[in-house]
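> Have a look at this one before I ask anything.
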Amino acid sequence: MSKKTKRARRPNVPMQTGPVQPAEAAGGGEAKQPATQSAARASTRAASRAVALGGAETINADYSHVISDLKRIGALAGGLIAILVVLSFFIK
């Protein structure tokens, strides 16, 4: 029996990321259409880059609860280790 080949994983990304503009009516507007499409694509790319880079937004997050959670986790871990040490004396 032959070995099964693996397919390369493709990212789950939509094919079109920008708004779809309706096509111009067939006629004299065909020469103008490629220029407007490239300009529209350039503007959507620039807008997506601006969003991706972040900008000057300041995030004021409150992490005061994290310290208490870490102390609680440390106490729980220390208690479990102490229980294991005590139980190891009974096993011997």
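Position in the sequence shown (from 1) plus 3 gives the number in our numbering.
All C-beta atoms, glycine included, are put in the ideal place defined by N, C-alpha and C.
Rounded to a whole number of angstroms, what is the C-alpha to C-alpha distance between R13 and Q19?
Within the sequence shown, the letter at position 10 stands for residue 13. Within the sequence shown, the letter at position 16 stands for residue 19. Per the coordinates, the alpha-carbon of R13 lies some 16 Å from the alpha-carbon of Q19.
> Would you kindly report the start and end of the unbroken alpha helix (DSSP H) that includes R75?
Taking the sequence shown and counting its residues from 1, the one referred to as residue 75 is at position 72. S67 to I94 is the span of the alpha helix (DSSP H), which, as asked, contains R75.
> Can you give the Cα-Cα distance for H68 and I62, rounded to whole angstroms?
Within the sequence shown, numbered from 1, the residue matching residue 68 stands at position 65. Within the sequence shown, numbered from 1, the residue matching residue 62 stands at position 59. Whole-angstrom Cα-Cα distance: 17 Å.
> Could you give the distance in angstroms between the alpha-carbon of E33 and the alpha-carbon of E60?
Here residue 33 corresponds to residue number 30 of the sequence shown, with the count starting at 1. Here residue 60 corresponds to residue number 57 of the sequence shown, with the count starting at 1. Its pLDDT being 49, under 50, E33 is placed unreliably in this model, and the coordinates cannot settle the point.
> Given V88, which residues of its chain have a CB within under 6 Å of its CB, disregarding the five upstream and five downstream residues?
Here residue 88 refers to the residue found at position 85 when the sequence shown is read from its first residue. None.
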